[in-house]
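Asker: First, the structure itself, so that you have it in front of you.
Number of protein chains: 2
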Amino acid sequence: MSTRVRRHPERGAYDRQTVDAILDDGFLCHVGFVLDGQPYVIPMLHARAGDVLYLHGSPASRLVQALASGARVCATVTHLDGIVLAKSVFNHSVNYRSAVVLGSARIVEGDEKLAALEAIVNHVEPGRWEVARQPNDKELRTTEVIALPLDECSAKIRTGPPTESPHDDDLDVPSGVVQLRWIRE
Amino acid sequence: MSTRVRRHPERGAYDRQTVDAILDDGFLCHVGFVLDGQPYVIPMLHARAGDVLYLHGSPASRLVQALASGARVCATVTHLDGIVLAKSVFNHSVNYRSAVVLGSARIVEGDEKLAALEAIVNHVEPGRWEVARQPNDKELRTTEVIALPLDECSAKIRTGPPTESPHDDDLDVPSGVVQLRWIRE
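Protein chains in written order, with the working numbering: chain U, 21 to 205; chain Z, 21 to 205.
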């Protein structure tokens, strides 16, 4: 590891409550894994249940292939909350909440697999599992569920107004935060 | 590479026009890189200019450290467009557009660095570069710009209504697509 000082160490957080809130506030994550030295990052849907992050995908996906060989993975969930407009371009930023989970994942089977799929479906659309037809054996075989423990995780958050440089105080440049959010139509 | 059949090969696209449109329709990407065998995925802001994807970050970031040693990276941009509610939980899906860029990145210097920062700032907030104070030398030194060529890239897209299983035709379960989109407030 480098001993260089990180630019914004104050944005880091390592408590599970902060990480969990970020994971639970969305259902899109980006999962990184390595095959033959090349990193891949693919979008997946997720749900957290207790101390585990569940993901699901096709058994034919590269990720599932990589996991079968015990690969390390990284799952990252990011929420963009705002565009931070400062008086100087250097101080421009975004407000965001990001959680990163590192670890070795495992393939989930049996009752845990069904419970994980229920968690994912109901995380994306609350109550939907109870409304739609349940999966049959053939459907379950063609869906792979992956569990990543929340042992190694961290969060990074930026909130609030722009941080201006003191010598920009007198500049007549409009600044502030443009809020961003998702809506369902 | 595996010879297994991918579950939805029809969703893949490899033409640059499709990839460019996905990259240009957002400014958040997730960048994957490897340090000591561990993949990391971090959120970054990006802008495309011609055949290059520009990213920017702190010189102290792990990504910049990894790049200094010539590491391969993967930059992925995903837009979630809708939640696809089918009659069976198995046929649930999301509508999305995702672009993946693989390659070796390089650190950008000089005039190209300034042009890349302008592209990123104006991609996030059109016209902002011209309004705010320009960066001075010290500020430029503490921002690193990274260029990733668009030589190896692909897109994956799902659109449209749910694909139902024929034997679910008579099921009385409401189905359809819930549209998702970003708004600026």
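Just so you know, even glycine gets a beta-carbon here, dropped at the ideal spot from N, CA and C.
(1) Please classify U:V25 as buried or exposed, where buried requires at least 16 neighbouring CB atoms within 10 angstroms.
(2) Which residue from U:C94, U:L48, U:P194, U:H50 puts its Cα closest to that of U:D171?
(3) Would you kindly report the start and end of the unbroken beta strand (DSSP E) that includes Z:D96?
(4) Excluding the 5 residues flanking U:G32 on each side, which residues of the same chain have their C-beta closer than 6 angstroms to its C-beta?
(5) To the nearest angstrom, how far is the alpha carbon of Z:S22 from that of Z:H99?
(6) Taking Cβ-Cβ distances shorter than 9 angstroms, what residues in chain U pair up with Z:Y116?
(7) Alpha carbon to alpha carbon, how far is Z:R153 from U:P182?
(8) What separation, rounded to the nearest whole angstrom, lies between the Cα atoms of U:L65 and Z:A69?
(9) Closer than 8 angstroms by beta-carbon distance: list the chain Z residues that pair up with U:D188, in chain order.
(10) Is U:R161 close to chain Z? Criterion is C-beta to C-beta, closer than 8 angstroms.
(11) If you compare alpha carbons, which of Z:E159, Z:S195, Z:Y116 is closest to Z:D45?
(12) Output needed for Z:R161: all residues of its chain with C-beta closer than 7 angstroms, excluding positions within five of it in sequence on either side, in chain order.
(13) Here's the rule: buried if 16 or more other CB atoms are within 10 angstroms of the residue's CB, otherwise exposed. What is U:V72?
(14) Any beta carbon from chain Z within less than 8 angstroms of U:S124's own beta carbon?
(15) Between which two residues does the alpha helix (DSSP H) harbouring Z:L43 extend?
(16) Is DSSP giving Z:F53 helix, strand or coil here?
(17) Alpha carbon to alpha carbon, what distance is there between U:E138 and Z:I103?
(18) Quick one: list the residues of chain U neighbouring Z:Y60, beta-carbon separation under 7 angstroms, in chain order.
(19) Report the option in Z:E164, Z:S185, Z:L55 whose CA atom is closest to the CA atom of Z:K133.
(20) Consider the Cβ of U:R24: report whether some Cβ of chain Z lies at a distance smaller than 8 angstroms.
(21) Quick check: U:S124 and U:Y34, are their CB atoms within less than 8 angstroms of each other?
(22) Out of U:L105, U:E145, U:H112, which has the shortest C-alpha to C-alpha gap to Z:Q199?
(23) Which residue wins for smallest C-alpha separation from U:L105, given the options U:P194, U:I203, U:W202, U:E150?
(24) Going along chain U in order, which residues have a C-beta closer than 7 angstroms to the C-beta of Z:I203?
(25) In whole angstroms, what separates the C-alpha of Z:Q85 from that of U:P59?
(26) Need the endpoints of the alpha helix (DSSP H) that U:E150 sits in, please.
(27) Using the three-state DSSP reduction, which class does Z:N111 fall into: helix, strand or coil?
(28) By DSSP, does Z:A67 sit in helix, in strand, or in coil?
(29) Please classify Z:I166 as buried or exposed, where buried requires at least 16 other C-beta atoms within 10 Å of its C-beta.
(30) What residues of chain U sit near Z:A106, judged by a beta carbon separation below 8 angstroms?
(31) Quick one: residues in its chain with C-beta nearer than 6 angstroms to the C-beta of Z:D192, no 5 flanking neighbours on either side, listed in chain order?
(32) To which residues of the same chain is U:G90 closer than 8 angstroms at the C-beta, ignoring the five residues directly before and after it?
Answerer: Answer, in terms of the structure:
(1) In this prediction, U:V25 scores a pLDDT of 39, lower than 50, which makes its location untrustworthy; no coordinate-derived value is stated.
(2) U:C94
(3) Reading the sequence as shown, one finds Thr at residue 96 of chain Z and not Asp. Segment 92-105, the beta strand (DSSP E) holding Z:T96.
(4) K176
(5) The pLDDT assigned to Z:S22 is 31, lower than 50, so where the model puts this residue is not dependable, and the model offers no usable value.
(6) L48, P63
(7) 14 angstroms
(8) 30 angstroms
(9) R153
(10) no
(11) Z:Y116
(12) none
(13) buried
(14) no
(15) 36-44
(16) strand
(17) 16 angstroms
(18) G52, C94
(19) Z:E164
(20) No answer about U:R24 holds up, because its pLDDT of 36 lies below 50 and its placement is not dependable.
(21) no
(22) U:E145
(23) U:P194
(24) R201, I203
(25) 16 angstroms
(26) 148-151
(27) helix
(28) strand
(29) buried
(30) A152
(31) none
(32) S124
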